[in-house]
Each structure stands twice: as structure tokens, then as C-alpha cells.
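Trainee: Got a structure here, written out as C-alpha cells. Questions coming.
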Amino acid sequence: SSSGSAEKEKTFAMIKPDGLSGNYTDEIKNAILESGFIILREMTVRLDEDTAGKFYAEHSSRSFFPALVKYMTSGPVLVMVLEKVNAVADWRALIGPTDAQKAKVTHPHSIRAMCGQDLEKNCVHGSDSPQSAEREISFFFEEFSSGAVGSKHDELLE
Ligand code: RTP
Ligand code: MG
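If you count by mature numbering (1 follows the signal peptide of the UniProt record, and there is no 0), then the sequence shown holds residues -2 to -1, 1 to 156, one letter each, in order.
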């Protein structure tokens, strides 16, 4: 940028059904803001099986996929667009390892250590790369999708 400062980056975050039903939303948002992220967008949505499956399409051949879809459709989720310098890597670091049980030992200050239960029920999601962030943000937020009318977004959420 003209100021010479590092460029801001966007990432996609989600509070999963166990995070919402366990009333961890305020604590998670506080951690987000205290870590210097701006919450650019947020929306509560209820995923159906088709949408949850498409969101996690990369895992569709894995043995845990049916359980993952069941988990992700078990209640509403809160989806967010976060912004800061190095947002993708910093949000992944803040949430901690996939297995919340392990996170409690190795990353006790992580969000998954705070609100997750195990390898599946880990209360939050974070994009794993800038490319994933772009896909996941446009998956849920039409204003960030570059497509024309009838784009991926409309197909997935309507
Ligand atoms: P996420 O995509 O949700 O941010 O999680 P992640 O990158 O840390 O982990 P990933 O490998 O992408 O797995 C996606 C989600 O699937 C569930 N899972 N269950 N039972 C199992 O073996 C298993 N493994 C993964 C978790 O909910 C995980 O976050
Ligand atoms: Mg992942």
C-alpha cells in the first residue's frame, strides 16, 4: 500500500454448532477482537446436508465425512469474515489443533482448547490457506463472490 504497511488479508471463520449451543460465542468473539482481527461480516445460518457436504467437499471420501455432515447440520452456525495482516495463518494459530482433546494439552490458550471436546467436536473452523479463504468467504457471502447472476453462491445457499 502507499503507506508501506503490510497488506491486510481476509480469512473465513465459523463457530460450529457445539460452539453456539455451548454459549461460547461471546468468548470466541472476544478472543478474535483481542487478537487484532476486525469482524467484517457475520451471519448465523443453518446448514442443510447438501450445503455442509459441499463446504467440506475436500473430505467427501473420508470415513468421518458422514459424521462430519451430521455434526455440522445439528444446529445453527455463525459464519464470519475476519480481516487483519496475516489473517489466515493467525486465525489457524488462534484456534489450535484439530483435536480439541490434544489442544487442551499442547495449546491450552487456543480457542479449541477452551470450547472444543474432541477430534470432531472442535467448536470452530478456520480456512487453511488464502485460496481456501477466498472459496469459503464467497461460499457464504455473495458480496465477496466474483460470479455473475446464478453463481456458485446462489446455487449453494438458496
Ligand atoms: P476445519 O476445516 O473445520 O477448520 O478443521 P481442520 O482444518 O482443523 O481439520 P480438517 O482435517 O479439515 O477436518 C475438518 C473437520 O472434520 C472433523 N473431523 N473429524 N473423526 C475424525 O477423524 C475427524 N477428523 C476431522 C472435525 O470437525 C474437523 O474440524
Ligand atoms: Mg480444514
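The beta carbon of each residue, even a glycine, is placed where N, CA and C say it ideally should be.
Give me whichever residues DSSP pairs with MET41 in a beta bridge.
Mentor: According to DSSP, MET41 bridges with VAL77.
Trainee: Cutting at 6 Å between CB atoms, please list the residues of its own chain near ALA65, excluding the five before and the five after it.
Mentor: None.
Trainee: Taking the Cβ atom as the reference point for each residue, do VAL122 and LYS14 lie within a distance shorter than 9 Å?
Mentor: Yes, these two residues count as a Cβ contact at 9 Å.
Trainee: Helix, strand or coil, according to DSSP, for HIS57 in the structure here?
Mentor: The answer is helix: DSSP assigns HIS57 an H, G or I state.
Trainee: Please report the residue range of the alpha helix (DSSP H) in which GLU141 lies.
Mentor: No alpha helix (DSSP H) holds GLU141; DSSP gives it neither H nor E.
Trainee: May I ask you to check if the CB of ASP126 is nearer than 8 Å to at least one heavy atom of ligand 2?
Mentor: Result yes, Cβ under 8 Å from ligand 2.
Trainee: Would you call PHE62 buried or exposed, if buried means 16 or more other Cβ atoms sit within 10 Å of its Cβ?
Mentor: The residue is exposed, with fewer than 16 neighbouring Cβ atoms inside 10 Å.
Trainee: Taking the alpha-carbon of ILE36 as reference, which of GLU47, VAL103 and PHE10 has the nearest alpha-carbon?
Mentor: It is PHE10.
Trainee: Closer than 8 Å to a non-hydrogen atom of ligand 2 - does that hold for the CB of HIS107?
Mentor: No, Cβ of HIS107 sits at least 8 Å from all heavy atoms of ligand 2.
Trainee: Would you mind sorting LYS8 into buried or exposed? The rule is 16 or more other CB atoms within 10 Å of its CB.
Mentor: Under this definition LYS8 is a buried residue.
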